[in-house]
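Which chain is which? The protein sequence lines are V and Z, in order. Our numbering applies: residue 3 is where the first sequence begins, and numbers increase by one. Our numbering applies: residue 393 is where the second sequence begins, and numbers increase by one. Built from N, CA and C at the ideal position, the CB exists for glycine as well. Below is one structure, written out as structure tokens; the observations come after it.
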Amino acid sequence: MSTPVIAPVIELAGLTKAYNLGTPVETEVLHGIDLSLAEGEFAALIGPSGSGKSTLLNIIGLLERPTGGRLSIGGRDTASLSEAEITQLRGRSIGFVFQFHHLLPAFTALENVMMPTIIARGRADDEAEATALELLDAVGLKAHALKKPAALSGGQQQRVAIARALALRPRLILADEPTGNLDTHTADDIFALLREFNRQSNCACLIVTHDPRLAARCDRIVRLVDGHIADDSPASA
Amino acid sequence: MKFRLPFAPLVALRFLREGRMQTLLILAGTTGGVAVIVFLTQLITQLQAQIVDRVLGSQAHVVIRPAEEVNRRAIDDAGFASIIEPRAQRLRSIDQWENIARLAADMPGVTAVSPVVTGPAFAVRGQASKSVALMGVDAERYRRIVRMEEYMVAGRFAVDGTRAVIGSELAKDLGIRMDDKLRVALPNGRDELLQVGGIFDIGNKDLNRRWIFVTLPLAQSLLDLPGGVSNLDLTVADIFEAQPVADRLRGATSLTVESWMQTNAQLLAALRNQSVSNNLIRSFVVIIVALGIASVLVVSVVQKQKEIGILRAMGASRSMILQVFLIQGAVVGAVGSVLGSALAFTLLNVFSAIYRNADGQPLFAAELEPRFIVMAAVVATFVGLLSALIPARRAARMDPVQAIRS
Numbered sequence: 003m004s005t006p007v008i009a010p011v012i013e014l015a016g017l018t019k020a021y022n023l024g025t026p027v028e029t030e031v032l033h034g035i036d037l038s039l040a041e042g043e044f045a046a047l048i049g050p051s052g053s054g055k056s057t058l059l060n061i062i063g064l065l066e067r068p069t070g071g072r073l074s075i076g077g078r079d080t081a082s083l084s085e086a087e088i089t090q091l092r093g094r095s096i097g098f099v100f101q102f103h104h105l106l107p108a109f110t111a112l113e114n115v116m117m118p119t120i121i122a123r124g125r126a127d128d129e130a131e132a133t134a135l136e137l138l139d140a141v142g143l144k145a146h147a148l149k150k151p152a153a154l155s156g157g158q159q160q161r162v163a164i165a166r167a168l169a170l171r172p173r174l175i176l177a178d179e180p181t182g183n184l185d186t187h188t189a190d191d192i193f194a195l196l197r198e199f200n201r202q203s204n205c206a207c208l209i210v211t212h213d214p215r216l217a218a219r220c221d222r223i224v225r226l227v228d229g230h231i232a233d234d235s236p237a238s239a
Numbered sequence: 393m394k395f396r397l398p399f400a401p402l403v404a405l406r407f408l409r410e411g412r413m414q415t416l417l418i419l420a421g422t423t424g425g426v427a428v429i430v431f432l433t434q435l436i437t438q439l440q441a442q443i444v445d446r447v448l449g450s451q452a453h454v455v456i457r458p459a460e461e462v463n464r465r466a467i468d469d470a471g472f473a474s475i476i477e478p479r480a481q482r483l484r485s486i487d488q489w490e491n492i493a494r495l496a497a498d499m500p501g502v503t504a505v506s507p508v509v510t511g512p513a514f515a516v517r518g519q520a521s522k523s524v525a526l527m528g529v530d531a532e533r534y535r536r537i538v539r540m541e542e543y544m545v546a547g548r549f550a551v552d553g554t555r556a557v558i559g560s561e562l563a564k565d566l567g568i569r570m571d572d573k574l575r576v577a578l579p580n581g582r583d584e585l586l587q588v589g590g591i592f593d594i595g596n597k598d599l600n601r602r603w604i605f606v607t608l609p610l611a612q613s614l615l616d617l618p619g620g621v622s623n624l625d626l627t628v629a630d631i632f633e634a635q636p637v638a639d640r641l642r643g644a645t646s647l648t649v650e651s652w653m654q655t656n657a658q659l660l661a662a663l664r665n666q667s668v669s670n671n672l673i674r675s676f677v678v679i680i681v682a683l684g685i686a687s688v689l690v691v692s693v694v695q696k697q698k699e700i701g702i703l704r705a706m707g708a709s710r711s712m713i714l715q716v717f718l719i720q721g722a723v724v725g726a727v728g729s730v731l732g733s734a735l736a737f738t739l740l741n742v743f744s745a746i747y748r749n750a751d752g753q754p755l756f757a758a759e760l761e762p763r764f765i766v767m768a769a770v771v772a773t774f775v776g777l778l779s780a781l782i783p784a785r786r787a788a789r790m791d792p793v794q795a796i797r798s
């Protein structure tokens, strides 16, 4: 039996990022990152503050462009894509979970979850609403669907944010300290949710975290130090 | 199927609703601006129309007169100095006036033609004599030039035989009442005893003192113009087309043809200046409203940075964000124009109740022409859109990472 070829969801080769290019204060924060993440992989990205974790996550999330090196998403090299194509690719294949939920305060939980679909399709439809309700149900918030974010607790907000990240069934979930401002109990819940969706939908997940306890529960731990990958190994369960 | 708004209007309306106080302020500003513009426009249009109407109430739109007589040199005296004295213009008839009248009546835009014989005379009663203008008219035709029947204070506007219609001031000056007799004497020595069959008040004391209407044949014989007329009075369908009509008639007849616009050049200049200052005020109000909308939206863009970043991270393109803010501007303009028109209507009602003419009639009617509402809606929406352009472009250019971090 041959081993199945697992297509990498993201692939980084020699990726660099520098700020203030061409000025006396030019600073390179990422120095040649090689990294690939396969379908269904659940990886933690750890490292001290200022090691470049967030920058790396933003680049993988297509929010920032790398200075050098190669970044492919789903086998597509992103260097040649136009701004509009990048935006579309980001919307359809990447789900973000931010540290501070970043829900839209003017919209209800349900509308927040529907928003990626509204953006991708131009307007909401019944199917999008049904999917959003299903997702809210899955994160245990169906009863709160019509509440605005301000009426929800921190844990509930983050669960809405997870539901939103999953709305378009993306191939990649990027989470930037998703449990950073939650108590340990709630943090465990949120982490378990992410893990569950990862198993169900086989999407790749990359989670930036400071919490070694949570990192240990991932499949793989990538440690970033001073813009280099210092260590990339399976988590020792 | 539920009605669902597309992305840009959905987010735009939600943003407006969320920024309650700002939205209210910007709406109030737009409403006020629109109200001022609509109110002013409606008011000035009405007042100008009234002034023109009043002026034309006692005037023909176009008057055709005989060509002026000029002295010509008998011999070509190149090289000789000479002085040509201007000639005194005697009372003359329009040559072939029936043909000219027919030509004028057939001209597009002309709705009525009335032959008039007019010349100077004295109205004499007892020891008093007043200088007057004898007007020989066909009452039926002249009514279509000046709506005399509306001005009658006694009797009817009808002349026949020696029955005449005189003005209220002349009647007062000479102590004349209906059916009284009145003698007119002419410089050529002719005179006639008239019977007053009607008294008019045309709203102009000078004319009330001067005009005496008699039949066309009577005036012709008194003024020594048998079968002739001294001028043809015309009414045109569109009063502001009077000048081109006059020009065409002058070209076709080589007679002296004057429109009311030439006769009242000063009035027209005044109206035009009023329109210019009105336009100036309107432009400034539009600019102020535009600046108001723009500045509130600029603040809103800064406040919504994070939301913009989130939307961008979820795949919203720059143009989608641009639309969100453009729509906010347009919505503010459109809603402001509706509220502003309503406010203008209220103002018109209030002011028309307060300001009244000398005769107690309202100075202007409390009505709002639909075309002004449509104009306000189009202009305000467009201005809203335009003023949102700078803030919207700023929002669209925002770097999503920076926006989220802020």
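My guess is that residue i and residue j are in contact by the Cβ rule of under 8 Å, so how many angstroms apart are they, rounded?
{"i": "residue 627 of chain Z", "j": "residue 535 of chain Z", "result": "Not quite, the Cβ-Cβ distance comes to about 10 Å (not below 8 Å), so this is no contact."}
{"i": "residue 649 of chain Z", "j": "residue 456 of chain Z", "result": "5 Å"}
{"i": "residue 740 of chain Z", "j": "residue 784 of chain Z", "result": "Actually they are not in contact, since the Cβ atoms of residue 740 of chain Z and residue 784 of chain Z sit about 35 Å apart, beyond 8 Å."}
{"i": "residue 174 of chain V", "j": "residue 206 of chain V", "result": "5 Å"}
{"i": "residue 779 of chain Z", "j": "residue 629 of chain Z", "result": "No, residue 779 of chain Z and residue 629 of chain Z are not in contact; Cβ-Cβ is about 42 Å, not under 8 Å."}
{"i": "residue 514 of chain Z", "j": "residue 577 of chain Z", "result": "5 Å"}
Determine the burial state of residue i: buried for a count of at least 16 other Cβ atoms within 10 Å of its Cβ, exposed for fewer.
{"i": "residue 187 of chain V", "result": "exposed"}
{"i": "residue 573 of chain Z", "result": "exposed"}
{"i": "residue 770 of chain Z", "result": "exposed"}
{"i": "residue 773 of chain Z", "result": "buried"}
{"i": "residue 749 of chain Z", "result": "exposed"}
{"i": "residue 4 of chain V", "result": "In this prediction, residue 4 of chain V has a pLDDT of 46, which is less than 50 and means its spatial position is unreliable; what the coordinates show is noted afterwards. Exposed is the call here."}
{"i": "residue 404 of chain Z", "result": "buried"}
{"i": "residue 794 of chain Z", "result": "exposed"}
{"i": "residue 118 of chain V", "result": "buried"}
{"i": "residue 409 of chain Z", "result": "exposed"}
{"i": "residue 552 of chain Z", "result": "exposed"}
{"i": "residue 155 of chain V", "result": "exposed"}
{"i": "residue 21 of chain V", "result": "exposed"}
Span of the alpha helix (DSSP H) holding residue i?
{"i": "residue 53 of chain V", "result": "Where residue 53 of chain V is concerned, there is no enclosing alpha helix (DSSP H), given that its DSSP letter is neither H nor E."}
{"i": "residue 21 of chain V", "result": "Counting along the chain, residue 21 of chain V falls outside any alpha helix (DSSP H), though it belongs to the beta strand (DSSP E) covering 10-21."}
{"i": "residue 187 of chain V", "result": "186-203"}
Could you check whether residue j and residue i sit closer than 9 Å to each other, using their CB atoms as the reference points?
{"i": "residue 452 of chain Z", "j": "residue 652 of chain Z", "result": "yes"}
{"i": "residue 606 of chain Z", "j": "residue 526 of chain Z", "result": "yes"}
{"i": "residue 164 of chain V", "j": "residue 192 of chain V", "result": "yes"}
{"i": "residue 89 of chain V", "j": "residue 701 of chain Z", "result": "no"}
{"i": "residue 167 of chain V", "j": "residue 97 of chain V", "result": "yes"}
{"i": "residue 690 of chain Z", "j": "residue 776 of chain Z", "result": "no"}
{"i": "residue 565 of chain Z", "j": "residue 520 of chain Z", "result": "yes"}
{"i": "residue 399 of chain Z", "j": "residue 124 of chain V", "result": "yes"}
{"i": "residue 510 of chain Z", "j": "residue 729 of chain Z", "result": "no"}
{"i": "residue 755 of chain Z", "j": "residue 439 of chain Z", "result": "yes"}
{"i": "residue 589 of chain Z", "j": "residue 559 of chain Z", "result": "no"}
{"i": "residue 602 of chain Z", "j": "residue 568 of chain Z", "result": "no"}
{"i": "residue 62 of chain V", "j": "residue 14 of chain V", "result": "yes"}
Just to make sure I have the definition right: I need the residues of chain Z whose C-beta is within less than 9 Å of the C-beta of residue i. Which are they?
{"i": "residue 67 of chain V", "result": "Within 9 Å Cβ-Cβ: nothing; residue 67 of chain V doesn't reach chain Z, min ~11 Å."}
{"i": "residue 20 of chain V", "result": "In chain order: nothing, as chain Z lies at least about 15 Å away."}
{"i": "residue 100 of chain V", "result": "702, 705, 796"}
Considering residue i, what are the terminal residues of the beta strand (DSSP E) in which it resides?
{"i": "residue 520 of chain Z", "result": "520-529"}
{"i": "residue 144 of chain V", "result": "Element bounds for residue 144 of chain V: n/a, residue is neither H nor E."}
{"i": "residue 117 of chain V", "result": "From DSSP, residue 117 of chain V is part of no beta strand (DSSP E) but of the alpha helix (DSSP H) over 111-123."}
{"i": "residue 559 of chain Z", "result": "555-559"}
{"i": "residue 573 of chain Z", "result": "573-577"}
{"i": "residue 650 of chain Z", "result": "648-651"}
{"i": "residue 596 of chain Z", "result": "Per DSSP, residue 596 of chain Z belongs to no beta strand (DSSP E) and is neither H nor E."}
{"i": "residue 510 of chain Z", "result": "502-517"}
Taking Cβ-Cβ distances shorter than 7 Å, what residues in chain Z pair up with residue i?
{"i": "residue 106 of chain V", "result": "699, 702"}
{"i": "residue 86 of chain V", "result": "709"}
Could you tell me which chain V residues have their CB closer than 7 Å to the CB of residue i, listed as they occur along the chain?
{"i": "residue 412 of chain Z", "result": "By Cβ distance, chain V contributes nothing, its closest Cβ being about 11 Å from residue 412 of chain Z, past 7 Å."}
{"i": "residue 397 of chain Z", "result": "125"}
{"i": "residue 790 of chain Z", "result": "Within 7 Å Cβ-Cβ: nothing; residue 790 of chain Z doesn't reach chain V, min ~12 Å."}
Does the Cβ of residue i lie closer than 8 Å to at least one heavy atom of the ligand ZN?
{"i": "residue 146 of chain V", "result": "Summarising the ligand content, the structure contains no ligands, and the ligand ZN is consequently not present."}
Chain V partners of residue i, CB-CB under 8 Å?
{"i": "residue 707 of chain Z", "result": "89, 90, 92, 93, 94, 118, 121, 122"}
{"i": "residue 712 of chain Z", "result": "121"}
Give the interface partners of residue i over in chain Z, defined as CB-CB distance under 8 Å, in chain order.
{"i": "residue 183 of chain V", "result": "Simply none; closest approach about 15 Å."}
{"i": "residue 60 of chain V", "result": "793"}
At a CB-CB cut-off below 9 Å, which residues of chain V make contact with residue i?
{"i": "residue 407 of chain Z", "result": "108"}
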